[in-house]
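Heads up, this note's numbering is the position in the first sequence plus 72, with the first residue counted as 1.
Beta carbons are placed, not taken as given, at the ideal position from N, Cα and C, and that holds for glycine.
On a predicted model such as this, the values are computed, not experimentally measured, just so you know.
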Amino acid sequence: MTEPFHSLDRRIQKWVFKQGWSNLRQIQNDAIPPILAGNQDVIISASTASGKTEAFFLPACSSTIDEKDGYSILYISPLKALINDQYRRLESLSVITDINVTPWHGDVAQSLKTKSKRNPSGIVLITPESLESLLIRNSGWVQRSFSSLKYIVIDEFHAFIGTARGQHLLSLLNRLEALLQEIEEPIPRVALSATLGNLNEIPGVLRQNSRMPCSIIKESKSNSQIRFGIQGYIDPVNNDQKIPAFHRICTDLFSLCRGGSHLIFANSRKRTESISAQLSDMCEQEVVPNEFFPHHGSLDKSLREALEARLQKDNLPTTAVCTMTLELGIDIGKVDSVIQVTAPHSVASLRQRLGRSGRRNTPSTLRMLISEKELHADSSIGDKLRIELLQSIAMTRLLIIKKWYEPADLGSFHFSTLLHQVLALIAQWGGIRADQIYNSLCKEGCFNNVTVEQFKELLHHMGQQDLLTQISGGQLVLGLKGEYLTNSYNFYTVFKTPQEFRVIARDKTLGTLPVDTLILEGQHIIFSGKRWRVESINTDNKTIIVSPSKGGDPPQFNGNGMLVHDTVRQEMFDIYKSGSYKIPIGSSEVDYLDSTAKSLFNEGLEFFQEALLHERRIIQHNDYVYIVSWMGDKIVNTIATMLIKLNYKVSIFSGIIEIEKTNLETVSNSLFELCSNNQLTNSDLALSVREKRIEKYDDFIPESLLNIGYGQNYFDVERAREWLELHII
DNA sequence: GACCTGCTGCGGATTG
Numbered sequence: 073m074t075e076p077f078h079s080l081d082r083r084i085q086k087w088v089f090k091q092g093w094s095n096l097r098q099i100q101n102d103a104i105p106p107i108l109a110g111n112q113d114v115i116i117s118a119s120t121a122s123g124k125t126e127a128f129f130l131p132a133c134s135s136t137i138d139e140k141d142g143y144s145i146l147y148i149s150p151l152k153a154l155i156n157d158q159y160r161r162l163e164s165l166s167v168i169t170d171i172n173v174t175p176w177h178g179d180v181a182q183s184l185k186t187k188s189k190r191n192p193s194g195i196v197l198i199t200p201e202s203l204e205s206l207l208i209r210n211s212g213w214v215q216r217s218f219s220s221l222k223y224i225v226i227d228e229f230h231a232f233i234g235t236a237r238g239q240h241l242l243s244l245l246n247r248l249e250a251l252l253q254e255i256e257e258p259i260p261r262v263a264l265s266a267t268l269g270n271l272n273e274i275p276g277v278l279r280q281n282s283r284m285p286c287s288i289i290k291e292s293k294s295n296s297q298i299r300f301g302i303q304g305y306i307d308p309v310n311n312d313q314k315i316p317a318f319h320r321i322c323t324d325l326f327s328l329c330r331g332g333s334h335l336i337f338a339n340s341r342k343r344t345e346s347i348s349a350q351l352s353d354m355c356e357q358e359v360v361p362n363e364f365f366p367h368h369g370s371l372d373k374s375l376r377e378a379l380e381a382r383l384q385k386d387n388l389p390t391t392a393v394c395t396m397t398l399e400l401g402i403d404i405g406k407v408d409s410v411i412q413v414t415a416p417h418s419v420a421s422l423r424q425r426l427g428r429s430g431r432r433n434t435p436s437t438l439r440m441l442i443s444e445k446e447l448h449a450d451s452s453i454g455d456k457l458r459i460e461l462l463q464s465i466a467m468t469r470l471l472i473i474k475k476w477y478e479p480a481d482l483g484s485f486h487f488s489t490l491l492h493q494v495l496a497l498i499a500q501w502g503g504i505r506a507d508q509i510y511n512s513l514c515k516e517g518c519f520n521n522v523t524v525e526q527f528k529e530l531l532h533h534m535g536q537q538d539l540l541t542q543i544s545g546g547q548l549v550l551g552l553k554g555e556y557l558t559n560s561y562n563f564y565t566v567f568k569t570p571q572e573f574r575v576i577a578r579d580k581t582l583g584t585l586p587v588d589t590l591i592l593e594g595q596h597i598i599f600s601g602k603r604w605r606v607e608s609i610n611t612d613n614k615t616i617i618v619s620p621s622k623g624g625d626p627p628q629f630n631g632n633g634m635l636v637h638d639t640v641r642q643e644m645f646d647i648y649k650s651g652s653y654k655i656p657i658g659s660s661e662v663d664y665l666d667s668t669a670k671s672l673f674n675e676g677l678e679f680f681q682e683a684l685l686h687e688r689r690i691i692q693h694n695d696y697v698y699i700v701s702w703m704g705d706k707i708v709n710t711i712a713t714m715l716i717k718l719n720y721k722v723s724i725f726s727g728i729i730e731i732e733k734t735n736l737e738t739v740s741n742s743l744f745e746l747c748s749n750n751q752l753t754n755s756d757l758a759l760s761v762r763e764k765r766i767e768k769y770d771d772f773i774p775e776s777l778l779n780i781g782y783g784q785n786y787f788d789v790e791r792a793r794e795w796l797e798l799h800i801i
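(1) Counting only runs of 3+ residues fully inside the region 144 to 207, write out the beta strand (DSSP E) ranges in chain order.
(2) Rounding to the nearest angstrom, what Cα-Cα distance links Asp-455 and Leu-590 in this structure?
(3) Out of Gln-112, Arg-765, Ser-560, point me to the one whose CA is closest to Ile-208's CA.
(4) Is it true that the CB of Gln-297 sits closer than 9 Å to the CB of Ser-122?
(5) Tell me the rounded alpha-carbon separation between Leu-802 and Lys-445.
(6) Using 8 Å for Cβ pairs, my map puts Glu-775 next to Ala-236. What's the rounded Cβ distance?
(7) Just the C-alpha distance for Leu-335 and Pro-361, rounded to the nearest angstrom, thanks.
(8) Using the Cα positions of Pro-656 and Leu-462, report the straight-line distance between them to the nearest angstrom.
(9) Quick one, are the C-beta atoms of Ser-117 and Ile-289 less than 9 Å apart?
(10) Looking at the secondary structure, which residues open and close the beta strand (DSSP E) in which Val-309 lies?
(11) What do you get for Glu-201, buried or exposed, if any count of 16 or more other CB atoms within 10 angstroms of its CB means buried?
(12) In terms of DSSP beta bridges, what is Ser-660 paired with?
(13) Can you list, in chain order, the stretches of the alpha helix (DSSP H) that have 4 or more residues and sit fully within the region 364 to 397?
(14) Rounded to whole angstroms, how far is the Cβ of Cys-322 from the Cβ of Ile-347, which I believe are closer than 8 Å?
(15) If you draw a straight line from the C-alpha of Ile-306 to the C-alpha of Phe-229, how long is it?
(16) Would you say the region 486 to 496 touches the region 513 to 532, given that touching needs at least three Cβ pairs under 8 Å?
(17) Decide if Lys-706 is buried, meaning its Cβ has at least 16 other Cβ atoms within 10 Å, or exposed.
(18) For Ile-402, which residues of its own chain have a beta-carbon under 8 Å away from its beta-carbon, when the five flanking residues on both sides are left out?
(19) Using 9 Å as the threshold, is the C-beta distance between Gln-493 and Ser-243 below it?
(20) Let's test the definition: count the other Cβ atoms within 10 Å of the Cβ of Glu-460 and tell me whether it reaches 16, buried, or not, exposed.
(21) Could you tell me which whole alpha helix (DSSP H) segments of length 4 or greater appear in the region 694 to 719?
(22) Starting from Glu-572, follow its DSSP beta bridges and name the residues at the other end.
(23) What do you reckon, are the CB atoms on Gly-301 and Asp-666 nearer than 9 Å?
(24) How is the beta strand (DSSP E) around Ser-488 delimited, first residue to last?
(25) Which full runs of the beta strand (DSSP E) of 3+ residues lie inside the region 491 to 563, going along the chain?
(26) Give a yes or no on whether the C-beta atoms belonging to Ile-195 and Leu-162 are separated by under 9 Å.
(27) Along the chain, which unbroken stretches of the beta strand (DSSP E) at least 3 residues long are found entirely within the region 407 to 454?
(28) Exposed or buried, Thr-136, counting other C-beta atoms within 10 Å across all chains shown (16 or more means buried)?
(29) Measuring CB atoms only, is the region 218 to 234 touching the region 473 to 482, in the sense that at least three cross pairs come out at less than 8 Å?
(30) Our contact map puts Leu-677 next to Gly-651 with C-beta atoms below 8 Å; I'd like the distance itself, whole angstroms only.
(31) Relative to the C-alpha of Thr-434, which residue among Val-407, Pro-416, His-448 is closest?
(32) Measure from the alpha carbon of Asp-756 to the alpha carbon of each residue in Ser-418, His-799, Thr-710, then state which is nearest.
(33) Helix, strand or coil: how does DSSP classify Lys-456 here?
(34) Starting from Ile-729 and walking both ways along the alpha helix (DSSP H), at which residues does that stretch end?
(35) Since Glu-291 and Ile-598 should fall inside the 8 Å C-beta cutoff, what is the C-beta to C-beta distance between them, to a whole number of angstroms?
(36) Following the continuous beta strand (DSSP E) through Phe-318, name the residue where it begins and the one where it ends.
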C-alpha cells in the first residue's frame with residue numbers, strides 16, 4: 073500500500089484490507105491528502121465505476137471517525153436509488169468504524185428519520201428536496217445537529233450543473249452555510265462527477281465567492297479500446313413494395329443482441345416501446361424465452377428494478393431498450409455492447425452511454441443504426457444532405473478523435489428557481505428583509521447575475537400576486553398565495569412535472585402516462601414492451617385499466633427540444649468539405665460505415681457539392697430560400713426569429729432554415745438591415761415568442777424578466793450578427 | 001424534434 077493510505081485511521085485501513093483490495097486506485101490515493109486536510113474544496117472527476125465514492129469516504133470517515141455529536145458528513149445525491157445503493161455500500165464500513173449512516177429521502181420510513189433526529193451523528197445521505205423541507209420546517213434543529221459538520225459531498229455533480237435543480241442545490245448549500253454561521257471557516261465542498269467538458273470552470277460553480285481554494289483530482293487518461301461502427305438503412309417511400317427500415321433495424325438488433333447483454337438507446341420512450349415490443353414478438357415467433365425489456369422514466373419502479381437486477385446478475389441473456397434512465401449512475405454492471413438507434417442528441421450523453429460497455433479485457437463497443445428516407449422528387453434539403461447520418465458521424469468523430477463533448481451552459485438566469493428560493497427563505501425565517509434576501513441569494517449567492525433592479529421588479533411582481541407582503545418594519549412575509557404554495561407537498565421540487573394517469577393491468581401498476589395523451593377506451597396500445605387493449609379510463613382516480621392483446625401502437629409522450637452545439641454542426645460541415653468521414657490512425661484510415669451508410673454518405677456529399685454548399689450558406693430552390701449555417705441551434709434560432717419578426721414564413725429542420733415564398737435578394741437585404749440595427753437584444757427577440765413559460769414558477773415571473781431569461785437561454789444576437797456579416801452580407 | 005429527477009404532516013384505521 074502507498075504512502076497516503078497509511079495516513080488513514082487504522083480502522084479505515086482494516087476495512088480496506090477486508091475488501092480484499094491490494095491497492096487503492098490512483099484517484100483514491102490522490103484524494104486522501106486534500107480531503108484529510110479539510111481546508112479546501114475538492115472536485116473528483118472520473119468515469120462511472122472508478123471508485124469515486126470511496127475516494128471521498130475513506131479519508132472523510134477517517135478524519136471524522138471519533139466525532140459523535142451531530143452529523144459530520146452531508147452527502148447529497150440526485151437520485152433516491154443512488155442513496156439506497158450508497159447506504160448498502162457504506163454498511164460494512166459503518167459496522168467496523170461505528171459511524172452512523174442515515175439515508176434520508178421521501179421513501180425512508182419516518183421512524184428511521186425520527187430516531188436519527190433524536191441522536192444525530194455520522195453520515196446523512198439526502199436529496200436536495202428533503203434538505204429543502206428540513207430547512208423550511210426544522211431550521212432550528214438543522215442548526216443544532218449540523219453545527220459540527222465537516223464535509224458536504226455532492227454525488228453526480230455533472231447531473232446538476234446548469235440546471236434548475238442544480239441552481240436549487242447551490243442555493244441550499246449557501247443557505248445551510250449561512251445558518252451555521254458561527255463556524256468561522258466555510259465547510260469544504262466535495263463534488264464527485266463524470267469528466268466534464270469545462271472542468272476549470274467548475275470550482276466557480278461549486279462555490280461562487282471563492283472563500284476556499286479548490287483542488288481538482290482527475291482520472292488519468294485511460295487507454296481502453298473502442299470498437300465502433302455505423303450501419304445505414306434506407307426507409308422506402310412506397311411501403312407496399314419494400315420492408316420498412318424499422319423492421320430491418322429490429323431484425324438486425326435481434327441477431328446482434330440475442331444471447332448477450334446489451335443496451336439499446338432509442339432516444340424516445342415511444343421508440344423504446346416499439347422496439348422492445350417488436351423484439352419480444354420475434355422471440356415468441358422463434359419460440360425462445362423473451363430477453364428484451366424496455367426501461368424508461370414512465371415505467372413503474374418495480375419493473376425497472378427487476379430489469380436492473382437481471383442485468384446485474386449476468387446469468388440470463390438480457391437486452392434493455394432504454395432512454396437516458398440507464399445512462400445515470402445506477403449499478404447495472406457492464407454490458408457487451410451499446411447500440412444507438414437514431415442520432416444521439418449530444419456527444420456528452422453518447423460518451424456516458426459508451427461508458428456502460430466493455431468488460432474486463434474486452435473493448436467498449438458502440439454501434440449506431442441510422443435510417444434515412446428514400447429520395448424522391450420532393451425530398452427536403454435535410455433528407456438530401458443525409459443530415460441525421462452526418463450528425464451521427466460528426467458526433468462519433470468528436471467523441472473518439474477530438475475527445476470533445478459539450479460544456480455545460482452556465483449563463484442562465486433561473487428566475488423561476490430564484491422565485492422559489494425567495495419563498496423558501498421567507499418560509500424558513502418567517503419574515504426577512506428584502507436586502508437580506510438579495511444579499512444571501514444574489515450578491516453572495518448563486519443568482520449573482522441578477523441585478524438589484526431585476527430583483528426589485530421580481531419582488532414587486534410577487535407582491536402584486538399576493539405571494540408575499542411587506543409588514544411594518546420592512547420585513548417581508550408570505551402572502552396568502554405564498555402560504556398556499558409553500559405549504560404544498562409539491563413545493564420542495566423546483567422542476568415541473570405533468571399530471572399523469574396510472575396504467576394498471578390485473579391490479580399491477582405498469583407505469584404512468586401524461587394526462588394529455590390521447591387514449592380512448594377500446595384502443596390497442598404498446599406499453600412496458602407488451603401489447604394491451606384499453607378497457608377503461610377513470611378520470612376521477614386517474615387510472616387506465618388495460619388487458620393483454622395483440623397489435624397496437626405506443627402512446628405519444630411529450631417533451632421539449634434540445635439545442636445542438638456549434639461544434640457538432642461545424643464538424644458536420646468539415647466532414648463534407650473534406651469529402652471524407654474516415655478517421656486517420658497513424659498512416660492508415662479507419663472506415664466504420666457499412667455499405668448502405670457509405671452510399672448514403674456519398675449521396676449527401678454529392679448534393680453538398682452540387683449545391684456549392686462549401687462556399688454558399690444561402691441558396692434558393694423554386695420560391696424557397698434556405699439558410700444552411702452549420703452553426704448550433706442558438707444561432708439558428710436567432711436568425712430564424714429575426715426573420716419571423718420581419719413577417720417571413722420561416723421553419724427550421726435539423727438546423728436548416730427554410731423561408732417560404734421569397735427570393736435570395738429580398739432575404740439578403742432584410743438580413744443586411746437586421747445587422748445594421750445595433751439595438752436589437754436577445755430579450756427583444758424573446759418578445760415575439762409565444763410560449764415562454766417553461767419552468768415551474770414561470771407563471772409568476774414578470775414578462776420583462778421572462779424575456780431576459782428566455783433570450784439568454786435560446787438566442788445569441790451578438791454571435792448571429794457576427795456570423796451573418798461574415799457569410800451572408 | 002427528448003430525456004430525467006423529487007416531495008409533508010396529519011388523521012384515521014388496523015394490529016399486537
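Concretely, from the data shown:
(1) 173 to 176, 193 to 198
(2) Within the first sequence, the letter at position 383 stands for residue 455. Within the first sequence, the letter at position 518 stands for residue 590. Straight-line Cα distance between these residues: approximately 30 Å.
(3) Looking up residue 208 in the first sequence gives position 136. Selected option, being the one with the closest Cα: Ser-560.
(4) In the first sequence, counting from the first residue as 1, residue 122 sits at position 50. In the first sequence, counting from the first residue as 1, residue 297 sits at position 225. No; because the gap between Cβ atoms is not below 9 Å, this pair is not in contact.
(5) Residue 802 cannot be examined here, being either before or after the span of the chain that is shown, 73 to 801.
(6) The count along the first sequence starts at 1 and reaches residue 775 at position 703. The count along the first sequence starts at 1 and reaches residue 236 at position 164. Not a contact, Cβ separation roughly 20 Å.
(7) What you label residue 335 is simply residue 263 of the first sequence in a count that begins at 1. What you label residue 361 is simply residue 289 of the first sequence in a count that begins at 1. If you take the alpha carbons of Leu-335 and Pro-361, they lie about 18 Å apart.
(8) Working through the first sequence from its first residue, we reach residue 656 at position 584. Working through the first sequence from its first residue, we reach residue 462 at position 390. Rounded to whole angstroms, Pro-656 to Leu-462 spans 18 Å at the Cα level.
(9) Counted from its first residue, the first sequence places residue 117 at position 45. Counted from its first residue, the first sequence places residue 289 at position 217. Between Ser-117 and Ile-289, the CB-CB gap stays under 9 Å.
(10) The residue you call residue 309 lines up with position 237 of the first sequence. Neither: Val-309 is in no beta strand (DSSP E) and is coded neither H nor E.
(11) Position 129 of the first sequence holds residue 201. Buried.
(12) On the first sequence, position 588 is the one that residue 660 refers to. According to DSSP, Ser-660 bridges with Ile-657.
(13) 373 to 385
(14) The residue given as residue 322 occupies position 250 in the first sequence. The residue given as residue 347 occupies position 275 in the first sequence. About 6 Å separates the two Cβ atoms, so the contact holds.
(15) Start at 1 with the first residue of the first sequence, and residue 306 comes out as number 234. Start at 1 with the first residue of the first sequence, and residue 229 comes out as number 157. The alpha-carbon of Ile-306 is positioned some 40 Å away from that of Phe-229.
(16) yes
(17) The count along the first sequence starts at 1 and reaches residue 706 at position 634. Under this definition Lys-706 is a buried residue.
(18) Numbered from its first residue, the first sequence carries residue 402 at position 330. Here the set comprises Leu-151, Ala-153, Leu-154, Asp-157, Glu-380.
(19) As a first step, residue 493 is located in the first sequence; it is residue number 421 there, counting from the start. As a first step, residue 243 is located in the first sequence; it is residue number 171 there, counting from the start. Cβ distance < 9 Å, so Gln-493 and Ser-243 count as in contact.
(20) The residue you call residue 460 lines up with position 388 of the first sequence. So Glu-460 ends up on the buried side.
(21) 705 to 717
(22) In the first sequence, residue 572 corresponds to position 500, counting from 1. Answer is Pro-586, bridged to Glu-572.
(23) Taking the first residue of the first sequence as position 1, residue 301 is located at position 229. Taking the first residue of the first sequence as position 1, residue 666 is located at position 594. For Gly-301 and Asp-666, yes; Cβs fall inside 9 Å.
(24) For this step, residue 488 is matched to residue 416 along the first sequence. Taken as a continuous stretch (DSSP letters only), Ser-488 belongs to no beta strand (DSSP E), being part of the alpha helix (DSSP H) at 487 to 501.
(25) 540 to 542, 547 to 550
(26) Walking along the first sequence from the start, residue 195 turns up at place 123. Walking along the first sequence from the start, residue 162 turns up at place 90. A contact, by the Cβ cut-off of 9 Å.
(27) 409 to 413, 436 to 445
(28) Within the first sequence, the letter at position 64 stands for residue 136. Within 10 angstroms of the beta-carbon of Thr-136 lie 16 or more other beta-carbons, which makes it buried.
(29) yes
(30) Residue mapping note: residue 677 aligns to position 605 of the first sequence, counting from 1. Residue mapping note: residue 651 aligns to position 579 of the first sequence, counting from 1. Contact flag correct, Cβ pair sits at about 6 Å.
(31) Here residue 434 is taken as the residue at index 362 of the first sequence, counted from 1. Nearest C-alpha to Thr-434: Val-407.
(32) As a position in the first sequence, residue 756 is number 684, starting the count at 1. Residue Thr-710 is the option with its Cα nearest to Asp-756.
(33) Taking the first residue of the first sequence as position 1, residue 456 is located at position 384. DSSP places Lys-456 in helix when its eight states are reduced to three.
(34) Numbered from 1 along the first sequence, position 657 holds the residue referred to as residue 729. Ile-729 -> not in any alpha helix (DSSP H); beta strand (DSSP E) instead, spanning 728 to 731.
(35) Looking up residue 291 in the first sequence gives position 219. Looking up residue 598 in the first sequence gives position 526. Going by Cβ atoms, the distance from Glu-291 to Ile-598 rounds to 41 Å, so no, they are not a contact pair.
(36) Locating residue 318 in the first sequence gives position 246, counting from the first residue. Unbroken run through Phe-318 is the alpha helix (DSSP H), 317 to 329; no beta strand (DSSP E).
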